[in-house]
Amino acid sequence: MVSILEKLSGRLKQRQTEQSGQWSQFVCDVTDERMKNPDEILSGLDRLGKSPEELQKACELLVQRRDWSATVATGSDAEKQYSERLEAIQREESAFAKLTEKHELKMSELVQAREVTAATISKAADARRELLRTVSAETASGVYALVDQRIQETTEELERVRRLIRDSSHWIAEVESRAESAATADTERLGGQKQRLKELKASEAELSGKLPALQDERNAAADKLLKPELI
2 MVSILEKLSG RLKQRQTEQS GQWSQFVCDV TDERMKNPDE ILSGLDRLGK
52 SPEELQKACE LLVQRRDWSA TVATGSDAEK QYSERLEAIQ REESAFAKLT
102 EKHELKMSEL VQAREVTAAT ISKAADARRE LLRTVSAETA SGVYALVDQR
152 IQETTEELER VRRLIRDSSH WIAEVESRAE SAATADTERL GGQKQRLKEL
202 KASEAELSGK LPALQDERNA AADKLLKPEL I
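Start counting the sequence shown at 2; every next residue gets the next number (our numbering).
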């Protein structure tokens, strides 16, 4: 008796499994429209002991589960891509760190070299000043005399021209402000004064341009005083 019951129980489970598989295949066939004939569908429902409502719900669930399955597959691909991109980011960060370290090392070397060069320049400038300071007054006067005279003459001429420019500009502005009430003689002189002012400004520009060149000459003359024996 026990043996028969066990066999019946096993057979029942087998039939339930078979029926479940048949039901799943039936739902797929209807959902995918491989089975379209209403009578055939109803016969299948009767055979499987299912109602049209259960079929509709099963078909809707199948569609939903297929969507979920596709999403799961997409997620798996995304996880693979995420891992690959994370590794790529880590490689780039590692490469950037190496470049940064190399850049910082190079910058440190350049800054240190710059400081050494700056110290050398400063030391040379101090030594130049000492050489010029300790040279004899007679020697320095002989070297600078001619160029200093030209610098003084140019500076004085530049100051004179600038005074004339100020006086001429003031006179022209005053005559123009009086307009019709200005004296006839002043009005007649106005054009000439404007031309004169233009010439004065040109002269000022020329003289201003000479001073830097003269200073360069003086600096070049100073180089002659850098000989150690000029004491």
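Just so it is clear, CB atoms sit at the ideal spot from N, CA and C, and this is done for glycine as well.
Considering only the alpha carbon of each residue, which of the options lies closest to residue i?
i	options	result
ASP149	LYS81, LEU198, LEU215	LEU215
THR140	ARG151, LYS51, ARG48, ASP224	ASP224
LEU231	VAL136, ALA119, GLU110	VAL136
HIS171	ASN220, LEU191, PRO213, ASP40	LEU191
PRO229	PRO213, LEU133, GLY193	LEU133
VAL64	GLU34, ILE90, ALA79	GLU34
PRO213	ALA98, ALA79, GLN153	GLN153
If you draw a straight line from the C-alpha of residue i to the C-alpha of residue j, how long is it?
i	j	result
ASP127	GLU105	33 Å
LEU1	ALA74	Summary: the structure shown does not reach residue 1, with the chain confined to residues 2 through 232, and so no result is reported for it.
ARG151	ALA138	19 Å
THR72	GLU85	20 Å
ILE42	ARG92	59 Å
SER52	TYR83	46 Å
GLU175	ARG164	17 Å
LYS124	VAL112	18 Å
ARG1	ASP217	An answer regarding residue 1 cannot be provided, because it is not within the stretch 2 to 232 covered by the chain.
TRP69	LYS58	16 Å
THR121	ARG115	10 Å
GLU54	ALA89	52 Å
ARG219	GLU110	38 Å
LYS81	LYS103	33 Å
THR18	ALA79	Its pLDDT being 47, under 50, THR18 is placed unreliably in this model, and the value from its coordinates should be taken loosely. If I take the Cα positions, the gap works out to 35 Å.
GLU157	GLN194	23 Å
GLU94	LYS37	59 Å
ARG66	LEU100	50 Å
Less than 8 Å separating the beta-carbons of residue i and residue j?
i	j	result
LEU159	LEU208	yes
ILE166	LYS202	yes
VAL28	LEU56	yes
LEU49	TRP24	yes
SER169	ARG197	yes
LYS1	THR155	With the chain represented from 2 up to 232, any question about residue 1 goes unanswered, as that position is not in the structure.
Within a Cβ cutoff of 7 Å, which residues of the same chain sit near residue i, ignoring the five residues on either side of it in sequence?
i	result
ALA234	Given that the chain is displayed from residue 2 to residue 232, the structure contains no residue 234 and the question cannot be resolved.
VAL162	LEU201, SER204, GLU205, LEU208
CYS60	VAL28, VAL31, THR32
MET108	none
Are the C-beta of residue i and some C-beta of chain D separated by less than 8 Å?
i	result
GLN57	The structure shown contains no chain D, having only a single protein chain.
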